[in-house]
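**Student:**
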Amino acid sequence: MGYKPQAFYDKRMETECESRGDCFVVSLASGEACKSRYKIRHVCGHEYEVAYSSFTSSIKPGCPACRRSKWARTFFKTVAKDKPACVYRVLSACGRYEKIGVSTWALEQRLIRLRAATPFEISPEIEVLFQGSSEQVVDFEQKALASKVSAGFSGFCGATEWCLTK
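In our numbering, the protein residues as written are 22 to 187.
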């Protein structure tokens with residue numbers, strides 16, 4: 022069995038995006054052949070990197086920003102509907118990455134959990150961007166993330182929520 026050329030995988034990614042109708046390939050990000058990673062732009066405007074093998078599998082992962090939005094709306098309409106919430110921002114220690122998230126916890130507790138889950142150093146400061154009801158907080162977070170570019174992390178809890186700072 023011979024190996025297929027890169028053009029075969031590029032065309033398959035284009036076809037997969039067209040069939041979904043909600044995203045398109047921006048560029049080949051890294052790798053070669055079936056181990057490639059592609060930059061994808063979703064109709065929501067969010068760009069993210071995805072491995073060829075996972076994007077074309079039967080699982081069909083979608084836009085991480087949209088998945089997060091659906092999860093957050095469900096969570097904050099049910100479990101946390103009566104709790105005060107806030108949108109926070111925390112930076113990596115190097116300043117290249119930022120995480121904008123929503124929490125119903127005390128921010129000191131949230132920072133402890135972030136440090137435990139994140140494989141790189143993060144700033145000791147956590148900034149409150151907005152406080153309000155659950156519904157308002159989720160809307161604010163989605164607007165804040167709309168213009169951000171994913172840092173492309175994976176493999177740890179909360180990895181997809183890290184973005185590049187400008």
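Don't be surprised by glycine CBs; every beta carbon is placed ideally from N, CA and C. Everything numeric in this text was worked out from a predicted model, so none of it was measured.
Just confirm the distance between the C-beta atoms of Ile143 and Val111, as a whole number of angstroms; I'd bet it's less than 8 Å.
**Tutor:** To locate residue 143, count along the sequence shown from 1; it is residue 122. To locate residue 111, count along the sequence shown from 1; it is residue 90. 6 Å between Cβ atoms; contact.
**Student:** For Gln152, I'd like the list of residues in its chain whose CB is within less than 6 Å of its CB, leaving aside the five on either flank, ordered along the chain.
**Tutor:** The residue you call residue 152 lines up with position 131 of the sequence shown. Within the same chain, Gln152 has close Cβ partners Cys107.
**Student:** Roughly how many whole angstroms lie between the Cα atoms of Gly173 and Glu146?
**Tutor:** By 1-based counting over the sequence shown, the position of residue 173 is 152. By 1-based counting over the sequence shown, the position of residue 146 is 125. Approximately 23 Å between the Cα atoms of the pair.
**Student:** Can you tell which of Ala180, Thr125, Ser168 and Leu135 has the C-alpha that lies nearest to the C-alpha of Thr186?
**Tutor:** Mapped onto the sequence shown, residue 186 falls at position 165. Answer by Cα proximity: Ser168.
**Student:** Suppose you measure from the CA of Lys32 to the CA of Glu70; what does that come to, to the nearest Å?
**Tutor:** Your numbering for residue 32 matches position 11 in the sequence shown. Your numbering for residue 70 matches position 49 in the sequence shown. The alpha-carbon atoms of Lys32 and Glu70 are separated by roughly 17 Å.
**Student:** Of all the beta strand (DSSP E) runs that stay within the bounds of the stretch 49-84, which reach a length of 3 or more residues?
**Tutor:** With a minimum length of 3 residues, the continuous beta strand (DSSP E) runs that stay inside the stretch 49-84 are 58-63 and 68-72.
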